[in-house]
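Going down the list, the sequences are from chains W, R and E. Take 1 as the starting number for the first sequence in this note's numbering and just add one per residue. Take 379 as the starting number for the second sequence in this note's numbering and just add one per residue. Take 712 as the starting number for the third sequence in this note's numbering and just add one per residue. Idealized CB from N, CA, C, for every residue including glycine. Keep in mind that this is a model prediction, so the values were computed, not measured. The block underneath contains the structure these notes are about, expressed in structure tokens.
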Amino acid sequence: MIWIAIRMLTGDRQKFYGLLFGIAFSTLLITQQLTIFVNLIERGASGAYNVGEAQVWVMDPVSRTTDVAYALPSTALDKVRGVRGVEWAVPHLRAAASVRTKDGDLEGVAIIGVDDATLIGLPKRMASGSIDVLSQPDSVIIDDVGTINMFGADVDPIGERLELNDQRAVIRGIADSIPSFTSQVTLYTKYSQALRYVPGTRNRLSFVLVGVSEGQTAAEVADRIERDTGLKAETRDEFAQAGVDFIIENTGIPTNFGITVVLGFVVGVAIVGLTFSLFIRDNIKQFGALKAIGVTNGRILRMVAAQAGLVGFIGYGFGVLGTVGFMWAFSGNPFFKGFYIPWQIPLISLGAVIVILAITGTLALRSVFKTEPASVFR
Amino acid sequence: MAFNLRNFSFSRMGLPILAVVGLIVAVIFIAGRLPDRELSEPEREPPRATGALADADRVAGSGVVEPSSEVIQIGTALSGLVTDLRVQPGDYVAKGQPLFTVDTRAIRAQLQQSDAAIGEARAAIAEAQAAQATASRQLALYRSIDDPAAVSRAEVIRAEGEASAASQRLQLARARLDSAQAAAASARTELGRATVRAPISGEILSVNIKPGEYLSTMGGGGGAPFIEMGETRPLHVRIDIDEEQATRLAMGAEAVVSPRGAAGRQVKASFVRAEPLVVPKRSLTNSASERVDVRVLQVIYALPESAKGAFRVGQQVDAFIPAAKNTGTKDAK
Amino acid sequence: MMATIMDPSAIGGCKPDAAICTRGVTRDFKAGQQTITVLHGIDTDIRAGELTFVVGESGSGKTTLISIMCGILYPTLGEVKVFGTDIYRLSDTELVKFRLQNIGFIFQQYNLIPSIDAASNAAVPLIAQGMGRLEARERAKAMLERLNIGNQADKLPNQLSGGQQQRVAIARALVHEPRLVVCDEPTAALDASSGRRVMDLLREVAVAADRACIIVTHDNRIFDLADRIIQLEDGRITHDGTTMPDGH
Numbered sequence: 001m002i003w004i005a006i007r008m009l010t011g012d013r014q015k016f017y018g019l020l021f022g023i024a025f026s027t028l029l030i031t032q033q034l035t036i037f038v039n040l041i042e043r044g045a046s047g048a049y050n051v052g053e054a055q056v057w058v059m060d061p062v063s064r065t066t067d068v069a070y071a072l073p074s075t076a077l078d079k080v081r082g083v084r085g086v087e088w089a090v091p092h093l094r095a096a097a098s099v100r101t102k103d104g105d106l107e108g109v110a111i112i113g114v115d116d117a118t119l120i121g122l123p124k125r126m127a128s129g130s131i132d133v134l135s136q137p138d139s140v141i142i143d144d145v146g147t148i149n150m151f152g153a154d155v156d157p158i159g160e161r162l163e164l165n166d167q168r169a170v171i172r173g174i175a176d177s178i179p180s181f182t183s184q185v186t187l188y189t190k191y192s193q194a195l196r197y198v199p200g201t202r203n204r205l206s207f208v209l210v211g212v213s214e215g216q217t218a219a220e221v222a223d224r225i226e227r228d229t230g231l232k233a234e235t236r237d238e239f240a241q242a243g244v245d246f247i248i249e250n251t252g253i254p255t256n257f258g259i260t261v262v263l264g265f266v267v268g269v270a271i272v273g274l275t276f277s278l279f280i281r282d283n284i285k286q287f288g289a290l291k292a293i294g295v296t297n298g299r300i301l302r303m304v305a306a307q308a309g310l311v312g313f314i315g316y317g318f319g320v321l322g323t324v325g326f327m328w329a330f331s332g333n334p335f336f337k338g339f340y341i342p343w344q345i346p347l348i349s350l351g352a353v354i355v356i357l358a359i360t361g362t363l364a365l366r367s368v369f370k371t372e373p374a375s376v377f378r
Numbered sequence: 379m380a381f382n383l384r385n386f387s388f389s390r391m392g393l394p395i396l397a398v399v400g401l402i403v404a405v406i407f408i409a410g411r412l413p414d415r416e417l418s419e420p421e422r423e424p425p426r427a428t429g430a431l432a433d434a435d436r437v438a439g440s441g442v443v444e445p446s447s448e449v450i451q452i453g454t455a456l457s458g459l460v461t462d463l464r465v466q467p468g469d470y471v472a473k474g475q476p477l478f479t480v481d482t483r484a485i486r487a488q489l490q491q492s493d494a495a496i497g498e499a500r501a502a503i504a505e506a507q508a509a510q511a512t513a514s515r516q517l518a519l520y521r522s523i524d525d526p527a528a529v530s531r532a533e534v535i536r537a538e539g540e541a542s543a544a545s546q547r548l549q550l551a552r553a554r555l556d557s558a559q560a561a562a563a564s565a566r567t568e569l570g571r572a573t574v575r576a577p578i579s580g581e582i583l584s585v586n587i588k589p590g591e592y593l594s595t596m597g598g599g600g601g602a603p604f605i606e607m608g609e610t611r612p613l614h615v616r617i618d619i620d621e622e623q624a625t626r627l628a629m630g631a632e633a634v635v636s637p638r639g640a641a642g643r644q645v646k647a648s649f650v651r652a653e654p655l656v657v658p659k660r661s662l663t664n665s666a667s668e669r670v671d672v673r674v675l676q677v678i679y680a681l682p683e684s685a686k687g688a689f690r691v692g693q694q695v696d697a698f699i700p701a702a703k704n705t706g707t708k709d710a711k
Numbered sequence: 712m713m714a715t716i717m718d719p720s721a722i723g724g725c726k727p728d729a730a731i732c733t734r735g736v737t738r739d740f741k742a743g744q745q746t747i748t749v750l751h752g753i754d755t756d757i758r759a760g761e762l763t764f765v766v767g768e769s770g771s772g773k774t775t776l777i778s779i780m781c782g783i784l785y786p787t788l789g790e791v792k793v794f795g796t797d798i799y800r801l802s803d804t805e806l807v808k809f810r811l812q813n814i815g816f817i818f819q820q821y822n823l824i825p826s827i828d829a830a831s832n833a834a835v836p837l838i839a840q841g842m843g844r845l846e847a848r849e850r851a852k853a854m855l856e857r858l859n860i861g862n863q864a865d866k867l868p869n870q871l872s873g874g875q876q877q878r879v880a881i882a883r884a885l886v887h888e889p890r891l892v893v894c895d896e897p898t899a900a901l902d903a904s905s906g907r908r909v910m911d912l913l914r915e916v917a918v919a920a921d922r923a924c925i926i927v928t929h930d931n932r933i934f935d936l937a938d939r940i941i942q943l944e945d946g947r948i949t950h951d952g953t954t955m956p957d958g959h
């Protein structure tokens, strides 16, 4: 009987494609918008995720994210090093500065000072050059998206001279990193160099990055650091989450995207619901005949479920493919740098598709179930 | 149903196949693009507590390598041009070995002058002695003549006066000799002061003067000392410990020390002493407006002889020191 | 259910040779506050091997009666036995299964599924019984051959003429060899000669010794083809005989 149901469905091309469009459109809207939403708010966590080595971030108790941080006294580093379970700890500086370009333009940049000796705190990969260039005097490494924002896509920034706090800085490398929420230009340099680039205040140390000894978990060590030093210590994931939460709390992004996702769902329910109802109504006589001949409601349910399943499967497939195509097409755009589709999102949209089909299928089935077999004699 | 091209239905077979292909493409795309958030090990070795300290209560500090004598900044007693420079950085000198000499020509001229004055004084003494002898004999002659008519009373008085004057001149000449000799001794002392000698045995760490430069007793230009030296056998490290952590320190225990940038080359350093004075933290940030509100306890450790190659005077180091047993972290059991 | 509300006086009394036996079948419909009684205690026996016509004016209750007889409408009161089975004492599922096994339907508007071909349409009851698709289609094709439209087996219903569609509907009603065939207004949309051909065909393929065949019609042109005519008026049997009474 299932194949009959499928034939019934595909026999009515207009409605079949209408249903496919409805599901595919809903899937596309929900998946794509959720993807952009998640990636956008995860920009708040990019600072934490760009640093590949640090398992725990130690900061002043009032610091919140990589960009909202209050400086620590320099002895905080030694305090953290003295805590049991800390394999290593290095200083990390993050500050805002103004840079004067060759053309005389002023641009706000983020300065990230990494440990002089180990260079812990740089992004994992370099787009151009090697991290060893930092050993040359006055060297900075710029982030790849920042390059485009500052110089344009066509200019090779290697060798460009900048002026920071009356000091000379020469770009000698490009890091492959995820931009921050504001897509601010980021300059990486050695800690000692960063101190010179950032106008002086008494305390400069923004964070202490910590590696955890073998056999200890990051959470345990973070707790111990908090207890022993009175500083705030968060694991990498906690800190990334804090960055995300900060974006959520301080912007209207979740509301906007939430509305779009709900719209996608509503549009899906509307298109699919109407079309499915029309389809069932067109076939109500056939269903009535089948009921009279001796097809149970259970089998009718399975037939409609099969129809919904096929529509859902194909429509969902095309919707996800559309999202993937969209992400692929825009992968070269710096705004979309590092965007990815979290695997949970297609599952969420799959859930939404199932809910849409369950709602509309139930509504459609009700009319079938209510049909008296006797009505076929009228 | 067997596959049959004539019965091929785009809606019933084509679309599902396309959807499956689309889903496979999507899965590959999604799986391939998941962000790399794996933790990675640092490429360069960061300083870390090893061995028994790795999982024990400890105190960390940073510090600077210094000679066991601390750095001695050699000055000069005399100002003048450098005429002779006997050492260069890295030389190991014994106590009293000359390091450099300032211009001695003026002193030597003074010495010659004094020597000449000595000669002159000696000549004057000889002349005075001769005159005194003549005068004494004449006086004796007159005294031996009893005939008052033979020698007038006046003659005798004159001879007595001459003898007295001659003896006065001799005394004067002797005094001038003493004076000239004192001046010569003084010039010789100055000559010795012009040569600066090593106050202790030790290594020359830096030489900031060159022959021909003018040295002032007030110090060199730019505030740099002329010569820095110190006893580098053994080397010491001066570790800064945050005052809050200082109470936790196990005094007397060995410290694990590694130079900046070569965290793998760890050595064990033995305790020497803790400075009695807690001082403001010295930050090496090169900032003129540095203000400090952190005070540190400075603890001195001696590096073993074998570590000489890895450590140099003035180098920054990271150190881990065991914490005292009963003042340890709050979670110590 | 309504099957539990029985008129005690109606129980029993079925003749052993009756294919369908109704006793005291009454059916009420609610229309707002009013209750309209469509059937008033119908007692009748339908024999196998006969072509039985149920005739009557519109609203006489003939459709209601036939619906009750073939197990798709519960009577308000009364008892229906089809080949000895008291069908309204069966559970819903058993009743559906009973219909599937024992009853063939020919609907006035055929109600063929437009997107599957003639053979598949004809094979629907076999497929619903669980038979494999290919075997079911083979048997359906054989049935279509008997109805002289074997060459149309691969066509979709909308590619067939009205008469051909009706033959497909007949094939669907007979393909699973039911013991009761119910046929609703088979000639309503046909001219006189086509109607007679269809009736001849039905007589030829549907009537068998162990099969009851009920035709609901108000087409008096074909009354002469009946073996037995039951006339309903206002929910009561007013005539039961081999021919129509005079005046019709």
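The Cβ of Leu396/R sits closer than 9 Å to at least one Cβ of chain W. Ranking Thr362/W, Gly258/W and Leu310/W by CA distance to the CA of Gly298/W puts Thr362/W first. Residue range Lys232 to Thr235 is occupied by the beta strand (DSSP E) that includes Glu234/W. By the neighbour-count criterion, in which 16 or more other beta carbons inside 10 Å mark a residue as buried, Trp88/W falls on the buried side. Our two residues, Met303/W and Arg844/E, have alpha carbons roughly 16 Å apart in a direct line. A distance below 9 Å separates the beta carbons of Val170/W and Gly159/W. DSSP places Lys808/E inside the alpha helix (DSSP H), whose first and last residues are Asp803 to Asn813.
Collapsing the DSSP output to three states places Phe816/E in a strand. The alpha-carbon separation between Ile817/E and Ile6/W amounts to approximately 24 Å. When 9 Å is used as the limit between beta carbons, Pro425/R is near these residues of chain W: Arg81, Trp88, Ala89, Val90, Ala117 and Thr118, in chain order.
Within the model, the alpha-carbon separation for Ala501/R versus Ile578/R is close to 46 Å.
Among the residues facing chain W, Thr748/E is not included, as its CB has no counterpart in that chain under 9 Å away. For the 9 Å CB-CB criterion, Phe207/W and Leu72/W form a contact. At a cut-off of 9 Å between C-beta atoms, Leu762/E does not count as an interface residue with respect to chain W. From the listed residues Arg100/W, Asp176/W, Pro254/W and Val90/W, the smallest Cα separation to Pro413/R is found for Asp176/W. The closest CA to that of Ala899/E, considering only Thr746/E, Leu762/E, Tyr821/E and Glu805/E, is found on Tyr821/E.
Runs of the beta strand (DSSP E) lying entirely within the region 173-233 of chain W, each at least 3 residues long, are 185-190 and 207-212 in chain order. Each of Ile2/W, Thr10/W and Met1/W was checked against the Cα of Val311/W, and the nearest Cα belongs to Thr10/W.
Residues of the region 426-444 of chain R that bring their beta carbon within less than 8 Å of a beta carbon in chain W comprise Arg426, Ala427, Ala432, Asp433, Ala434, Asp435, Arg436, Val437, Ala438, Gly439 and Ser440, in sequence order. The beta carbons of Asp895/E and Phe377/W sit about 5 Å from each other, so the pair counts as a contact at 8 Å. By the beta-carbon neighbour count (other beta carbons within 10 angstroms, threshold 16), Glu581/R is buried. Leu913/E: not part of any beta strand (DSSP E); member of the alpha helix (DSSP H) spanning Ala903 to Ala917, first to last residue. Close CB contacts of Phe21/W within its chain, under the 8 Å cut and outside five residues either way in sequence, are with Ile271 and Gly315 (chain order).
Closest in alpha carbon position to Arg515/R, among Ser545/R, Gly590/R and Ser492/R, is Ser545/R. Taking a C-beta distance under 9 Å as the contact criterion, Pro612/R and Gln694/R do not qualify as a contact pair. Contact between Ala558/R and Ala499/R holds, with the beta-carbon distance rounding to 5 Å and staying under 8 Å. Using a CB distance cut-off of 9 Å, Met8/W does not count as an interface residue toward chain R. Closest in C-alpha terms to Glu944/E, from the list Ile757/E, Asp756/E, Val765/E and Ser905/E, comes Val765/E. With fewer than 16 other Cβ atoms inside 10 Å of its own Cβ, Trp343/W counts as exposed.
For a cut-off of 8 Å, the C-beta gap from Asp739/E to Thr787/E is around 5 Å, short enough to register as a contact. Shown in chain order are the members of the region 789-809 of chain E whose Cβ falls below 7 Å from a Cβ of chain W: Thr804, Val807 and Lys808.
Neighbours of Asp895/E across chain W, judged by C-beta separation under 7 Å: Phe377. Short of 8 Å from the beta carbon of Ser447/R, and not among the five residues preceding or following it, lie these beta carbons of its own chain, in chain order: Ile578, Gly580, Gly608 and Glu609. At least one C-beta of chain W is nearer than 9 Å to the C-beta of Ile619/R.
If only uninterrupted beta strand (DSSP E) runs of at least 3 residues are considered, those enclosed by the region 577-652 of chain R are 580-585, 605-608, 613-620, 633-637 and 645-652. If you check the CB distance, Ala110/W and Ala96/W come in under 9 Å.
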